[in-house]
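From first to last, the protein sequence lines are chains A and B.
Take the first sequence: its letters are residues 1 to 111, numbered as in my numbering.
Take the second sequence: its letters are residues 112 to 228, numbered as in my numbering.
A short write-up of the structure that comes next.
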Amino acid sequence: QQQVKQSPQSLIVQKGGISIINCAYENTAFDYFPWYQQFPGKGPALLIAIRPDVSEKKEGRFTISFNKSAKQFSLHIMDSQPGDSATYFCAASRAGTALIFGKGTTLSVSS
Amino acid sequence: GAVVSQHPSWVICKSGTSVKIECRSLDFQATTMFWYRQFPKQSLMLMATSNEGSKATYEQGVEKDKFLINHASLTLSTLTVTSAHPEDSSFYICSARDGGRNTGELFFGEGSRLTVL
């Protein structure tokens, strides 16, 4: 059973556009929801994270929207740039345990 | 910020040999470290949870006798791939949680690319 479902698998956005990636989770015990960015050959790097007591969190061009009742959360990248082209993973964990990752979204921002 | 260092970053070995990958937390103490494996164009899959001073907990389907994990100190965990075969070729990534913070954040190493010939 896939605990964290991520969509879309790939995404092409024009420079300056908004990139939106969605995730849904099953386990209501999850209490930490991060998004990671990964470039080829590198380890994942934390972009932004949210806890279920908050519905939205913004850091620069990156925003997480969280819907606890729907068990969904999404990443919005405003003013997308070619340098944002990477693979993005949503993840979830509970009470300090290991992160469970979604399958990833490959984002390409065209100039 | 918290830094996790992995070594080596890439390694090529012959089939049947063993390879050791080190994971160090450079500026924090990590009572728990996690080892992930990532095949090309796939997600990170948890292999095992490593607790300092105790035996690692392996995920279902991961052979504990093949992937030996040792977490002898609060800053070092090692993964040894024993009798490696071509199907073990993958990107191995360790991560650690800073025991001094309660943020839930996991800090990841840069990964180790293993190629078994």
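Even glycine gets a Cβ: it sits at the ideal position worked out from N, Cα and C.
Extent of the continuous beta strand (DSSP E) run through residue i
{"i": "B:R229", "result": "Shown here, chain B extends from 112 to 228; a query on residue 229 of chain B therefore has no answer."}
{"i": "A:Q38", "result": "F33 to Q38"}
{"i": "B:E133", "result": "V130 to S136"}
{"i": "B:L187", "result": "L187 to V192"}
{"i": "B:E218", "result": "In the sequence as presented, Glu is not what sits at residue 218 of chain B; that position holds Phe. Here the beta strand (DSSP E) through B:F218 covers L217 to F219."}
{"i": "A:T106", "result": "T105 to S110"}
{"i": "B:M144", "result": "T143 to Q149"}
{"i": "A:L46", "result": "A45 to I50"}
{"i": "A:L11", "result": "S10 to Q14"}
{"i": "B:V115", "result": "V115 to H118"}
{"i": "B:R212", "result": "Here B:R212 belongs to no beta strand (DSSP E), and DSSP marks it neither H nor E."}
{"i": "A:E132", "result": "Look at the range of chain A in this structure, 1 to 111, and you will see that residue 132 of chain A is not part of it."}
Given residue i as reference, the closest of the options once Cα atoms are compared
{"i": "B:Q171", "options": "B:I180, B:H182, B:Q140 and B:A159", "result": "B:A159"}
{"i": "A:I48", "options": "B:F218, B:S200, B:L228 and B:T226", "result": "B:F218"}
{"i": "A:P82", "options": "A:S7, A:S19 and A:Q3", "result": "A:S19"}
{"i": "B:R208", "options": "B:N181, B:G220 and B:T193", "result": "B:G220"}
{"i": "B:G210", "options": "B:E174, B:Y203, B:S194 and B:N162", "result": "B:N162"}
{"i": "A:I77", "options": "A:Q38, A:K42, A:I64 and A:P8", "result": "A:I64"}
{"i": "A:F73", "options": "A:E26, A:L11, A:V13 and A:G16", "result": "A:E26"}
{"i": "B:Y169", "options": "B:T214, B:E216, B:I132 and B:W146", "result": "B:W146"}
{"i": "A:Y36", "options": "A:S110, A:T28, A:G96 and A:T87", "result": "A:T87"}
{"i": "B:V122", "options": "B:K131, B:E174 and B:M156", "result": "B:K131"}
{"i": "B:V114", "options": "B:K152, B:E174, B:Q140 and B:S154", "result": "B:Q140"}
{"i": "B:H118", "options": "B:K177, B:I180 and B:R135", "result": "B:R135"}
{"i": "A:D84", "options": "A:Y32, A:A95, A:R94 and A:V13", "result": "A:V13"}
Buried or exposed (CB count within 10 angstroms, at least 16 for buried), residue i
{"i": "B:S223", "result": "buried"}
{"i": "A:D53", "result": "exposed"}
{"i": "B:H196", "result": "exposed"}
{"i": "A:I50", "result": "buried"}
{"i": "B:Q153", "result": "exposed"}
{"i": "B:F202", "result": "buried"}
Cross-chain neighbours of residue i in chain A, by beta carbon under 7 Å
{"i": "B:S154", "result": "F89, F101, G102, K103 and G104"}
{"i": "B:F145", "result": "A98"}
Under 9 Å from the C-beta of residue i: neighbouring residues of chain A
{"i": "B:T160", "result": "T97 and A98"}
{"i": "B:L242", "result": "A query on residue 242 of chain B cannot be resolved here, the shown segment of chain B reaching from 112 to 228 and no further."}
Contacts that residue i makes with chain B (C-beta to C-beta distance below 8 Å)
{"i": "A:K42", "result": "E221 and G222"}
Within chain B, partners of residue i - CB distance below 9 Å
{"i": "A:S93", "result": "G215 and L217"}
Under 7 Å by beta carbon: chain B residues contacting residue i
{"i": "A:Y32", "result": "G215"}
Any chain D beta carbon closer than 7 Å to residue i
{"i": "B:G220", "result": "The chain inventory of the structure shown lacks chain D, comprising the protein chains A and B."}
Fill in: Selection of the segment 191 to 220 of chain B by Cβ proximity to chain A, strictly under 9 Å
F202, I204, C205, S206, R208, N213, T214, G215, E216, L217, F218, F219 and G220
Item to complete: Pull out every residue of the segment 40 to 69 of chain A whose Cβ sits closer than 9 Å to any Cβ of chain B, in chain order.
Response: G41, K42, G43, P44, A45, L46, A49 and R51
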